[in-house]
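So the structure is just underneath, and the comments pick up after that.
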Amino acid sequence: CAAVLVAFTTTSAHAQRVRAVRENIAGGVTAGGVHDVRGPYGGRAVGEGGAVTDGDGNGVAGSRGCARTGAGAGGCGAGATSCDEYGNVYHEQSGYAQGAFGNSASTQGSFERDDDGDVSGQRESEVNLANRSYSIDTTYDSGSGWDRDVDCNGSGCPD
Numbered sequence: 076c077a078a079v080l081v082a083f084t085t086t087s088a089h090a091q092r093v094r095a096v097r098e099n100i101a102g103g104v105t106a107g108g109v110h111d112v113r114g115p116y117g118g119r120a121v122g123e124g125g126a127v128t129d130g131d132g133n134g135v136a137g138s139r140g141c142a143r144t145g146a147g148a149g150g151c152g153a154g155a156t157s158c159d160e161y162g163n164v165y166h167e168q169s170g171y172a173q174g175a176f177g178n179s180a181s182t183q184g185s186f187e188r189d190d191d192g193d194v195s196g197q198r199e200s201e202v203n204l205a206n207r208s209y210s211i212d213t214t215y216d217s218g219s220g221w222d223r224d225v226d227c228n229g230s231g232c233p234d
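In the working numbering, the protein residues as written are 76 to 234.
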């Protein structure tokens, strides 16, 4: 019989969290949690996450969440990571946010490490501010290092 641990916590009338952990049939652990928190001025944050491992060193984990303010700004983000018994790791993550006055930002990227320890990754981001936008592309490779390209479009960009 597998043991299960479940915790319900409430820190105020506006916050709810649930977490659970249990041993799984693969000899590893399965864990997860969710939350829903409301602020006093109309803000709210919700999210969830979890992880699963086996007895051989393999695992996956992921999470996602969103938040908003009472003034109308908000954003969401999500990410996932996997690893194997040989040391290979892969991670992806993305996010988006919008301000109460229409400014916005988004990003997405990934990285990986192979069993030899070599690392590579990339990230693409965009920021929109009134009548100007920035596009930022970043890459990394353990053999050649960092490379970043930033483009600005619209009025007020440097020449």
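From the three backbone atoms N, C-alpha and C, an ideal C-beta is built for every residue, glycine too.
Whole-angstrom distance between residue j and residue i, CA atom to CA atom
i	j	result
Gly-145	Tyr-161	47 angstroms
Asn-133	Ala-106	14 angstroms
Glu-167	Asp-212	15 angstroms
Ala-77	Val-96	Annotation note: pLDDT 37 at Ala-77 (below 50); position unreliable, no value reported.
Pro-115	Gly-150	18 angstroms
Val-94	Cys-141	Reading off the sequence shown, one finds Arg at residue 94, where the question assumed Val. The straight-line gap from Cα to Cα measures roughly 18 angstroms.
Ser-185	Ala-175	29 angstroms
Asp-216	Asn-206	34 angstroms
Asn-222	Asp-234	Note on identity: in this sequence residue 222 is Asp, with Asn being the wrong assignment. Cα to Cα, the separation comes out at about 21 angstroms.
Ser-200	Ser-169	9 angstroms
Unbroken beta strand (DSSP E) run spanning residue i, endpoints
i	result
Cys-227	220–229
Ala-232	Here residue 232 is Cys; the residue named in the question, Ala, does not match the sequence. Premise fails: Cys-232 is in no beta strand (DSSP E) and is neither H nor E.
Phe-186	179–188
Tyr-165	164–173
Ile-211	207–216
Minimum C-alpha distance to residue i - residue among the options
i	options	result
Gly-124	Gly-102, Arg-92, Asp-226 and Thr-213	Arg-92
Val-104	Ser-200, Asn-203 and Asp-129	Asp-129
Tyr-202	Gly-117, Asp-226 and Ile-100	First, the residue type needs correcting, since residue 202 is Val and not Tyr in the sequence shown. Nearest option by C-alpha distance: Asp-226.
Val-127	Tyr-209, Leu-204 and Asn-99	Asn-99
Ser-181	Asp-159, Gly-152, Val-109 and Ala-136	Gly-152
Contact under 8 angstroms by Cβ, residue i with residue j
i	j	result
Arg-139	Arg-119	no
Distance between beta carbons of residue j and residue i, contact taken as under 8 angstroms
i	j	result
Gly-229	Ser-208	6 angstroms
Val-164	Arg-188	4 angstroms
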